[in-house]
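Everything on this sheet refers to the single structure shown next.
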Amino acid sequence: MEREMAASYEPKLNSEIRIFESSDEIVTDLAEYISQVSEISVKERGYFAIALSGGPLVSFLRKLCEVPYNKTLDWSKWYIFWSDERAVAKNHADSNYKLTKEEFLSKVCGL
Numbered sequence: 020m021e022r023e024m025a026a027s028y029e030p031k032l033n034s035e036i037r038i039f040e041s042s043d044e045i046v047t048d049l050a051e052y053i054s055q056v057s058e059i060s061v062k063e064r065g066y067f068a069i070a071l072s073g074g075p076l077v078s079f080l081r082k083l084c085e086v087p088y089n090k091t092l093d094w095s096k097w098y099i100f101w102s103d104e105r106a107v108a109k110n111h112a113d114s115n116y117k118l119t120k121e122e123f124l125s126k127v128c129g130l
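Residues in the sequence shown are numbered consecutively from 20, following our numbering.
Right, dumping it as structure tokens:
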């Protein structure tokens, strides 16, 4: 019996390359993008899901804890997953969970 894999998947037809002059520009653009996608997802599905890999991405997300994003994001509707967590304890120096908790989640109000 054949299964239908990823039946709801639609390939992204419009791709875009963005070039930034500084990491501050990247952080702001990423915050804008995630904020918009989160808002749309919550309205359409009732939740927003994101998978994090660790590294500098996690520290970039701190911008979401600042005005104006922290006033508009509904954190209670967020589901956060790890896409490449290492097989180490949660408090280990190499743990993406530890990095995410310290650099991002600890800054989110209500968590």
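Glycine is no exception: its CB is placed at the ideal position from the N, C-alpha and C atoms.
Check	Outcome
Is the beta carbon of L92 sitting closer than 8 Å to the one on L83?	yes
Please report the residue range of the beta strand (DSSP E) in which F100 lies.	97 to 101
How many Å lie between P75 and I69 at the Cα?	16 Å
Could you give the distance in angstroms between the alpha-carbon of S41 and the alpha-carbon of K109?	32 Å
So for F39, helix, strand or coil by DSSP?	coil
Give the C-beta separation of F67 and W97 to the nearest angstrom, bearing in mind that I take them to be a contact with Cβ-Cβ under 8 Å.	5 Å
Here's the rule: buried if 16 or more other CB atoms are within 10 angstroms of the residue's CB, otherwise exposed. What is N33?	exposed
Does DSSP put E21 in a helix, in a strand, or in coil?	Model confidence at E21 stands at a pLDDT of 49, short of 50, so the residue's coordinates are unreliable; what they give is reported in the following sentence. In the structure shown, E21 sits in coil (DSSP, three-state: anything other than H, G, I, E or B).
Secondary structure at F79, three-state DSSP: helix, strand or coil?	helix
Below 8 Å between beta carbons: does that hold for E122 and S78?	yes
In this structure, does DSSP put A106 in helix, strand or coil?	coil
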